[in-house]
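In my numbering, the protein residues as written are 14 to 428.
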């Protein structure tokens, strides 16, 4: 029987006897949605990454405030093909020039360039030729675990932190029970060297590290392999300085190691958002894998867990940790828990020191850009709360102050 069948915007007559099981899906939905997201949010992220631009004297800075794309393309699609030109539209950005020396401020709309537009078919016309963007499979940012068995039958564990942009961190253990790390695919060093380099002054000694992480056999063996302690005593320097120089020698072989240069290198490598970025996907996966609740679930508590703010006992020692109890412990602002494994070994497990703001404040920080349910750094949040209390704010004024300051420190607040 002849039946009308709609295919896209066209209606055709079908002679088929079997009804179609499903309608034809939108095969270009991924490309179009991705392009729409880039117009809506992606361009903002790109401009935010390069803003502000500061001159070498530090007096002048240019900040990008917003952007607009002309809704009318320069030429229609067919004319672009005939003229062998690109189907695009003018893009303008709002800029703010700040002279820090004089305090002068200028704002203007400037033409940045011609922005390629996507056609209704999900394609681009570049120099008159119709092109498509092909999806690529790349290794997603995040943390990846591995387990290898050596010739002696011992398990050697690995963990790789892959950022969206920046240096890789590859952790591994060996058959001798030493814990190593590779920075940016260079030669491995004991993990204690990296810990000392990142620790503040006074917390880089063996005693301070064992007090922080516990007397773990692998950690003790790793610190014995570490030569920073011996070099510090020999040269009359700190453990941290020797650790920084050791990392610098691995990353910049052939160059004379200086503490100042090494400190700048490490800070730029891991703490500069323009050079190191996990991206939202990588941060989500990282937080999910190293979350305190995910790592203590299924074990037994070796000590009583107490909420540090209220003093309330969250769980007693020797209690089996269920999924519900693990989440309750994580939400009680506890950042480290000692658990007992099936073999009777006690392990100190650390969290990210993050918390959902509504558990502390009683309200969310959505107005400050923190999504509902998203966790923030408790140390930064506690600092904002302390500032609000020291200023004497109460009630709604206190809430407004916390939200305003949280928005200003969003980069520090959100991990």
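Where is the CB? At the ideal position from N, CA and C, for every residue including glycine.
Computed from a prediction, not measured in an experiment: that's the story for all the values here.
query	result
With which residues is residue 54 paired in a DSSP beta bridge?	According to DSSP, residue 54 bridges with nothing at all.
Take residue 190 as the anchor and find which of 221, 237, 177 has the nearest alpha-carbon.	237
Under the rule that 16 or more other beta-carbon atoms within 10 Å means buried, what is residue 99, buried or exposed?	buried
Compute the Euclidean distance between the alpha carbons of residue 67 and residue 344, then round it to the nearest angstrom.	41 Å
How long is the line joining the alpha carbons of residue 156 and residue 367, rounded to whole angstroms?	18 Å
Distance check for residue 281 and residue 185, CA to CA, integer angstroms please.	24 Å
Please list, in chain order, all residues of the same chain as residue 72 whose beta carbon is under 7 Å from its beta carbon, the five residues on each side excluded.	112, 113, 114
Taking residue 169 as part of the beta strand (DSSP E), name the residues at either end of that continuous run.	168 to 175
If you count every other CB in all the chains shown that lies within 10 Å of the CB of residue 235, and 16 or more means buried, which is it?	buried
Can you pull the DSSP bridge partners for residue 103?	127
Confirm, please, whether the CB-CB distance from residue 101 to residue 86 is below 9 Å.	yes
How big is the Cα-Cα spacing for residue 347 and residue 296?	21 Å
Using 10 angstroms around the beta-carbon of residue 291, count the other beta-carbons present and answer buried if the total reaches 16, otherwise exposed.	buried
Which one or two residues does DSSP pair with residue 264 in a beta bridge?	DSSP, once it has assigned bridges, lists no residue as partnering residue 264.
Determine the closest residue to residue 57 out of 303, 252, 209, 105, with distance taken between C-alpha atoms.	105
For a test of the three-state rule: what should DSSP assign to residue 351, helix, strand or coil?	strand
Under 7 Å Cβ to Cβ from residue 93, same chain only, skipping five residues before and after it: list those, please.	99, 100, 138, 141
Within 10 angstroms of its Cβ, does residue 324 collect 16 or more other Cβ (buried), or is it exposed?	exposed
To the nearest angstrom, how far is the alpha carbon of residue 331 from that of residue 314?	5 Å
Secondary structure at residue 195, three-state DSSP: helix, strand or coil?	strand
Examine the ligand ZN and report whether any of its heavy atoms sits within less than 8 Å of the Cβ of residue 357.	This structure does not include the ligand ZN; it has no bound ligands of any sort.
Identify which residue in 263, 65, 116, 377 has its Cα closest to the Cα of residue 207.	263
Whether or not the stretch 412 to 420 and the stretch 371 to 382 are in contact is what I'm after, with contact meaning three or more pairs of Cβ atoms, one per stretch, closer than 8 Å; do they touch?	yes
Within the continuous beta strand (DSSP E) that includes residue 27, where are the two ends?	23 to 27
Check whether the stretch 274 to 288 touches the stretch 252 to 260, taking contact to mean three or more Cβ pairs, one atom from each stretch, closer than 8 Å.	yes
Comparing alpha-carbon positions, which option in 109, 210, 303, 409 lies nearest residue 60?	109
Can you confirm whether the stretch 168 to 185 touches the stretch 213 to 222 when touching is taken to mean that 3 or more C-beta pairs between the two stretches lie within less than 8 Å?	no
From residue 212 to residue 423, what does the alpha carbon distance come to, in whole angstroms?	24 Å
Look up residue 139 in the DSSP assignment and give the residues it is bridged to.	142
Locate the alpha helix (DSSP H) running through residue 341, then write down its first and last residues.	336 to 343
Using a Cβ-Cβ cut-off of 6 Å (strictly less than) and excluding sequence neighbours within five positions of residue 171, which residues of its own chain qualify?	159, 185
What are the partner residues of residue 290, as DSSP defines its beta bridges?	178
Within 10 angstroms of the Cβ of residue 209, are there 16 or more other Cβ atoms? Answer buried if so, exposed if not.	buried
State the beta-bridge partners of residue 79 as determined by DSSP.	107
Specify, as a first and last residue, the run of the alpha helix (DSSP H) that residue 17 falls within.	Residue 17 -> not in any alpha helix (DSSP H); beta strand (DSSP E) instead, spanning 16 to 20.
Pull up the CB-CB distance for residue 82 and residue 128, whole angstroms please, since I reckon it's below 8 Å.	5 Å
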